[in-house]
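Taking it in order: structure first as structure tokens, then the write-up.
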Amino acid sequence: MSGAEIGLAVSVFLACTVEAVEALTIVLAMGTTRNWSSALSGVGAAVLALALVVAALGPALTALPIGVLRVVVGGLLLIFGLQWLRKAILRSAGLKAKHDELEIFREEAEAAGAFGGEPLGFDGYAFTISFKGVLLEGLEVVFIVLTFGANQKQVPLAAAAAAVAVLVVIAAGVAARAPLARVPENTMKFAVGVMLSSFGMFWGAEGAGASWPSGDAALLALIPGVLFAANAIVWTLRRTVPQASPEQAVASVAVEQPGSIRSAIRQW
Amino acid sequence: MVRVPRRVWTFYLGVWDFVVGDDWRTALGVVLALGLTALVAETSLAAWWIMPPAVLSLLALSIRRAAKGATRRS
Chain G
1 MSGAEIGLAV SVFLACTVEA VEALTIVLAM GTTRNWSSAL SGVGAAVLAL
51 ALVVAALGPA LTALPIGVLR VVVGGLLLIF GLQWLRKAIL RSAGLKAKHD
101 ELEIFREEAE AAGAFGGEPL GFDGYAFTIS FKGVLLEGLE VVFIVLTFGA
151 NQKQVPLAAA AAAVAVLVVI AAGVAARAPL ARVPENTMKF AVGVMLSSFG
201 MFWGAEGAGA SWPSGDAALL ALIPGVLFAA NAIVWTLRRT VPQASPEQAV
251 ASVAVEQPGS IRSAIRQW
Chain P
269 MVRVPRRVWT FYLGVWDFVV GDDWRTALGV VLALGLTALV AETSLAAWWI
319 MPPAVLSLLA LSIRRAAKGA TRRS
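Line order of the protein sequences matches chains G and P.
Under our numbering, think of the first position of the first sequence as 1, with each following residue one higher.
Under our numbering, think of the first position of the second sequence as 269, with each following residue one higher.
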């Protein structure tokens with residue numbers, strides 16, 4: 001396995017683990033407070049919808065000329081990666097609340113309880129929230145799997161890494177029977193942000209017609225370089241910017257992310 | 269004036285949020301940096317050096333804006 005292939009597998013595995021943990025929290029909340037069979041039906045329907053997206057977009061992406069594919073995919077990966085990295089840096093610096101799966105689980109469970117109705121038989125609420133949660137969290141993974149896979153002609157490897165991540169999270173969730181609060185989500189998001197930004201920069205520049213010195217080996221400089229710069233920004237922020245209290249950090253999340261996945265799940 | 273159906277508008281907003289996220293300036297900066305790389309690559313000059321400083325500058329500026337916003341609120 002080459003260095004680029006290892007990078008692909010690690011990036012997809014980490015990104016998929018993070019998204020799977022978030023989806024698991026939503027499904028667990030629906031299953032335990034409402035109705036397991038409806039929640040799991042929602043998961044099944046979402047997985048089917050994601051498979052259709054892969055089936056439709058996969059061949060279309062791989063059919064693009066490699067130069068166009070690299071500049072488009074590189075640009076999108078870079079935009080995605082910088083978003084992940086920005087949020088991870090703000091969380092590491094204490095300027096944004098960290099993801100708290102237990103708190104999210106409690107909120108989802110409360111909302112499910114407040115919705116009312118006797119969850120006997122088919123429960124539309126549990127089905128819909130589970131469906132939306134898995135679909136929206138899964139779309140990012142599908143995007144990463146397809147773009148990384150298509151760019152390196154390694155869609156099966158990317159899909160396998162994603163499948164392993166989902167299986168690991170499901171196994172851990174079944175074993176714990178609780179939200180996976182101990183997963184170092186922010187560290188993983190930080191790592192994914194670094195990898196997506198580095199690969200995006202590499203492929204984007206190649207697609208635009210640039211040639212990297214030493215070819216693929218340039219990634220060995222780009223990845224540590226981005227990691228170093230991101231850590232330097234965290235270090236600088238911790239020293240120069242007054243830290244927000246947990247309440248203020250939570251408030252800043254609410255103000256900054258009106259279109260976050262969770263609010264999208266509710267509003268959709 | 270053409271009225272855009274609510275569902276179409278919601279879908280558009282969803283795609284925009286998914287791709288661009290909450291900082292459109294960074295997305296625009298990435299497109300401009302790739303465009304500049306393509307322009308320089310057309311000449312006899314090396315073009316690989318444009319992306320690393322451009323990306324790190326975009327990241328730093330984006331963090332700066334977010335940090336300013338966070339401290340203003342606190």
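Just so it is clear, CB atoms sit at the ideal spot from N, CA and C, and this is done for glycine as well.
It should be emphasised that the depicted structure is a prediction, and the values quoted were computed from it without experimental measurement.
Check	Outcome
is_contact[residue 82 (chain G), chain P] using C-beta, thresh 8 Å	yes
Other residues of its chain near residue 149 (chain G): CB distance less than 6 Å, five sequence neighbours each side excluded	155, 158
For residue 138 (chain G) and residue 208 (chain G), believed in contact at Cβ under 8 Å, the rounded distance	The Cβ separation is near 30 Å, so there is no contact.
Range covered by the alpha helix (DSSP H) that runs through residue 138 (chain G)	124-151
Host alpha helix (DSSP H) of residue 83 (chain G) (start-end)	66-92
Same chain only: Cβ atoms within 7 Å of residue 197 (chain G), ignoring 5 sequence neighbours per side	78, 81, 82, 85, 226
Run of the alpha helix (DSSP H) containing residue 201 (chain G), from where it starts to where it stops	185-207
Per-residue DSSP class, three states only, for residue 337 (chain P)	helix
Any C-beta of chain P under 8 Å from that of residue 31 (chain G)	no
Span of the alpha helix (DSSP H) around residue 316 (chain G)	Any answer about residue 316 (chain G) is impossible in this case: the structure gives chain G only from 1 up to 268.
Coarse secondary structure for residue 312 (chain P), derived from DSSP in three states	coil
Helix, strand or coil at residue 180 (chain G) [DSSP, three-state]	coil
CA-to-CA distance, residue 200 (chain G) to residue 75 (chain G), given in whole angstroms	6 Å
Outcome for residue 291 (chain P) when other beta-carbon atoms lying within 10 angstroms are tallied against a minimum of 16	buried
8 Å contact criterion, which residue 194 (chain G) and residue 170 (chain G) should meet: CB distance rounded	So it is not a contact: roughly 26 Å between Cβ atoms.
Interfacial residues, the stretch 315-332 of chain P to chain G, with Cβ spacing under 7 Å	315, 316, 319, 320, 323, 324, 326, 327, 328, 330, 331
Cβ contact (3+ pairs, closer than 8 Å) linking the stretch 92-103 of chain G and the stretch 227-237 of chain G	yes
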